[in-house]
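Below: one structure, written as structure tokens.
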Amino acid sequence: MCPSSKTVVPMKLSGALDGVETVEITPDLGTEFPSLDLAEVLRRPNSDELIRDLAITICRRGVVAFRAQNNLTNELQKELLQRLGVLSGKPAGHGLSKHPMHIIRKDDPEIFLLDAAVQRATHEGNFGKKRQKGLREWHTDGSYEVCPPDFTSLRMTEVPATGGDTLFASGYELYDRLSEPYQRFFESLNAVHYVPPLEKAANTMPDVYRGPRGCPENVHMDFKQTHASISPVVRTHPVTGWKSLFAGGLHTRAIEGVTENEGQEIIDKISRLIVDNHDLQARVRWINPNDFVIWDNRCVFHCPTQDLDRQGRRLGYRCISVAEKPFLDPNSKSRWQAMEEEEAEEAARQKAAAAASAASAASAASAASAASAASAASAAVSPPAGPAMEAAPMVSAQA
Ligand SMILES: [Fe+2]
-6 MCPSSKTVVP MKLSGALDGV ETVEITPDLG TEFPSLDLAE VLRRPNSDEL
44 IRDLAITICR RGVVAFRAQN NLTNELQKEL LQRLGVLSGK PAGHGLSKHP
94 MHIIRKDDPE IFLLDAAVQR ATHEGNFGKK RQKGLREWHT DGSYEVCPPD
144 FTSLRMTEVP ATGGDTLFAS GYELYDRLSE PYQRFFESLN AVHYVPPLEK
194 AANTMPDVYR GPRGCPENVH MDFKQTHASI SPVVRTHPVT GWKSLFAGGL
244 HTRAIEGVTE NEGQEIIDKI SRLIVDNHDL QARVRWINPN DFVIWDNRCV
294 FHCPTQDLDR QGRRLGYRCI SVAEKPFLDP NSKSRWQAME EEEAEEAARQ
344 KAAAAASAAS AASAASAASA ASAASAASAA VSPPAGPAME AAPMVSAQA
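The sequence shown: position 56 = 49 (my numbering), numbered continuously.
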């Protein structure tokens, strides 16, 4: 069983990705790598260092996007996801998630086929054609599992003319926007995540996969967390050490220890915080075939956009890594707090470097001055060596 609590030591970037072109999508979340070829990165001699730093970047920024990854295959996508998880410390033996429904997993249970036409039919079945409740579609993948995912990747092989964007919202920022009393209150709560449509499908559809879904704990077929497997409403990210809200949206169905009505109010409050604050969201457009996005379900919520009428097909391949059981380290920090400390450390480092540089320059100037004086003194006592040297002692003697 995965540990349910631990003290986090944040992972630090090695600098392996320094110099790689990046664009920050918003100040608080999302980074795009416009020119990186991930298939090539996977084969570099220092690929472990690069992928480890990429994993830390995803954990800090929540979501990363890569354009036109035409050399990426399903097998390379699976390799990348597993290495991202392993190199950022996911539990030993945890692999890739397996989807139970054949309509999505097709022949490879670790690669999920996402067809927007199927999603749209489900959406209209759940919400109707006149879209008025987009907030209900915000979610984190696999939150009903005992050990939910860290990273989800999606490679869009067919993109629409426009539309079908994926939206992301920062769980770190949601936590930091709460007042301190609300932060303490939410830290005292646990949530039950449950997906009734998956349970219904597992009971009615043919060819359902019933084995472990990426780790031995993820085997329950009701897709509902029990008291033993519920998740904290505020979780500590094991890589950054930052606190993130981890409840709200589509799959959070109840809050333990409060009345049903109170639980729904808490879930609704978090969902409203997501949709009421567009400045903690990032929007990723699918522009080219094989645009590729990876997000960290431990610190971002996401939401599809159902605006694809007459826009063409949107088809992609998704692969998900399975991580630790969510936990809260009460001594962990918020992102704002950690960023302030990082900025203070950087300012102190720069100040120390400037002082060292100034001291070095002063020392060099002093040494040069001493050398000059020594040279002058030496010249003053040196006998003339010949006609060409005769003027120097005379000038020195005059000075
Ligand atoms: Fe999702």
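C-beta: ideal position from N, C-alpha, C; glycine also.
This structure is a prediction, so every number in the text was calculated from the model and none was measured.
Bridge-paired residues (DSSP) for Arg276: Leu160
For Gly204, count neighbouring Cβ atoms within 10 angstroms of its own Cβ and tell me buried if that reaches 16, exposed if not. exposed
Have a look at Arg276 and Arg98 and give me their C-alpha separation to the nearest angstrom. 27 Å
Quick check on DSSP: helix, strand or coil for Pro377? Model confidence at Pro377 stands at a pLDDT of 45, short of 50, so the residue's coordinates are unreliable; what they give is reported in the following sentence. In this structure, Pro377 counts as coil in the three-state DSSP scheme.
Would you mind working out which of Met198, Ser359 and Glu151 sits nearest Arg109, comparing C-alpha positions? Per the sequence shown, residue 109 should be read as Ala rather than Arg. Ranking Met198, Ser359 and Glu151 by Cα distance to Ala109 puts Glu151 first.
Within the same chain, show all residues whose beta-carbon is closer than 6 Å to that of Asp184, passing over the 5 residues directly before and after it, in chain order. The sequence shown places Ala at residue 184, not Asp. Excluding sequence neighbours, Ala184 sits near Ser224, Val226, Ala240, Thr245 and Ile248.
Length-filtered (3 minimum) beta strand (DSSP E) runs lying within the region 152 to 235: 159 to 163, 183 to 186 and 227 to 229
Is the beta carbon of Ala194 less than 8 Å from the beta carbon of Met94? yes
If you check the beta carbons only, do Leu43 and Val315 fall under 8 Å apart? no
Helix, strand or coil at Trp131 [DSSP, three-state]: coil
Around ligand 1, what residues have a beta-carbon under 7 Å from a heavy atom of it, in chain order? His132, Asp134, Thr145 and His295
Cβ shell of Pro3 (< 6 Å), same chain only, five flanking positions each side left out: Thr233 and Gly234
N-terminal and C-terminal residue of the alpha helix (DSSP H) that Leu77 is part of: Asn67 to Leu80
Limits of the beta strand (DSSP E) - the one that Leu107 falls within: Phe105 to Asp108
Which residues bound the alpha helix (DSSP H) around Arg45? Ser40 to Arg54
Under the DSSP definition of a beta bridge, which residues are partnered with Pro142? Val315
The alpha helix (DSSP H) enclosing Ile248, as first and last residue numbers: Unbroken run through Ile248 is the beta strand (DSSP E), Thr245 to Ile248; no alpha helix (DSSP H).
What did DSSP end up calling Arg148 once you bin it into helix, strand or coil? strand
Taking the straight line between their C-alpha atoms, what separation do you get for Leu238 and Arg291? 9 Å
Considering only C-alpha positions, which residue in the set His230, Pro174 and Ser136 is nearest to Arg440? With the chain running from -6 to 392 in the structure shown, residue 440 is simply not present.
What residues in its chain sit with their C-beta under 7 Å from that of His213, if we drop five residues either side in the sequence? none
Since Ile263 sits in a beta bridge, which residues does DSSP pair it with? Answer by DSSP bridge pairing: none, since Ile263 is not bridged.
Roughly how many angstroms separate the alpha carbons of Val251 and Glu14, rounded to a whole number? 48 Å
Beta bridge counterpart(s) of Glu25 as assigned by DSSP: Val16 and Ala58
Same chain only: Cβ atoms within 7 Å of Asp41, ignoring 5 sequence neighbours per side: Leu80
What does the Cβ neighbour count give for Leu77, buried or exposed, with the cut at 16 atoms within 10 Å? buried
What ranges does the beta strand (DSSP E) occupy inside the region 281 to 351, keeping only unbroken runs of at least 3 residues that lie completely in it? 284 to 289, 293 to 297 and 308 to 315
Rank Lys318, Ala352, Ala346 and Ser359 by C-alpha distance to the C-alpha of Lys(-1) and give the top, closest one. Lys318
Residue(s) in a DSSP beta bridge with Ser136: Paired residues: none, contrary to the question.
For His271, count the other beta carbons within 10 Å of its own beta carbon; 16 or more makes it buried, fewer makes it exposed. Which is it? exposed
Tell me the DSSP secondary structure of Ser7 in three-state form. coil
Expected contact under 8 Å - CB spacing of Tyr310 and Asn39 to nearest Å: Not quite, the Cβ-Cβ distance comes to about 27 Å (not below 8 Å), so this is no contact.
Beta-carbon proximity of Gln274 to Leu160, cut-off 8 Å: yes
In the structure shown, what three-state DSSP assignment does Ser237 receive? strand
Close beta carbons around Leu65, own chain, < 7 Å, minus the five adjacent residues each side: Leu31, Ala32, Arg148, Asn283 and Phe285
Whether or not the region 292 to 311 and the region 128 to 139 are in contact is what I'm after, with contact meaning three or more pairs of Cβ atoms, one per stretch, closer than 8 Å; do they touch? yes
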